[in-house]
Every structure is written in C-alpha cells, then in structure tokens.
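Chemist: In this note's numbering, the protein residues as written are 922 to 1035. All residues carry an ideal CB built from backbone N, CA and C; glycine is no exception.
1. Determine contact between the stretch 975-995 and the stretch 1006-1025, defined as no fewer than three beta-carbon pairs at a distance below 8 Å.
2. When DSSP labels each residue in this structure, what does residue 941 get in the three-state scheme?
3. Suppose the cutoff is 8 Å on Cβ atoms and the five residues either side in sequence are ignored; what does the same chain contact list for residue 1016 look like?
4. Based on Cα-Cα distance, which residue from 991, 965 and 947 lies nearest to residue 1020?
5. Using only CA atoms, which one of 997, 940 and 1018 lies nearest to residue 960?
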C-alpha cells in the first residue's frame, strides 16, 4: 500500500465547486462517503455532487473515487468503475461481488469539517 502524499492545492484557481472538491481530502484512506451525505452539507442535490465529481480536474489527487451512491454501490468514475474498485480495495475498502461497499467503510462528515 502506498504512502499518503501531501499536495499544496492553494496554487490552483478557486471555482464555485472548489469547497466540495477539497472536502474530499478529509475522507481518510479506507473510507467512503455518499453523494447524498455530501449533498446534505453543501445543500445540493446528490446528482449535482456527482456532476462536480465528474468535473474533478485532479481525480488522482482529489479523491473523488471515495464518493459512492447512497445504496453503497460504487457509482461512476472518470477512469471507469473497475479502476475505482481497484483503488478503493487497495486503500482497504471492503467491496462485495455486486460492487457494494461494506457499511463499516462509511465516513460521515461533522458540521465542523465541511
């Protein structure tokens, strides 16, 4: 398993969706969050959260692969669901044969975090 890296993203131009994307940096390796959970904190529709994930300019740095559907299925990924599964498994997320994530891997944001 690789080591976490630190990247200074302050050099990037802020966008209206930047706070949503940078919140993903708080999700620890081995954990996932749902589109719905993020939507609650940002007062956005889960589909809007999904669109923001799809526009992530740095998908391997900003871990949008750690965001899944509310039914615990993987959802989409810009590099394909197979790679999303492999990355999550390498990070320690338990995924069953039907591409559903084990509930023990669910991460919930607190009000102070977002």
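Modeler: Judging by the given coordinates:
1. Yes, since at least three Cβ pairs between the stretch 975-995 and the stretch 1006-1025 fall closer than 8 Å, the two stretches touch.
2. In this structure, residue 941 counts as helix in the three-state DSSP scheme.
3. Here the set comprises 995, 1006, 1009, 1010, 1022 and 1023.
4. Minimum Cα distance to residue 1020 is reached at 991.
5. For the residues 997, 940 and 1018, the minimum Cα distance to residue 960 belongs to 940.
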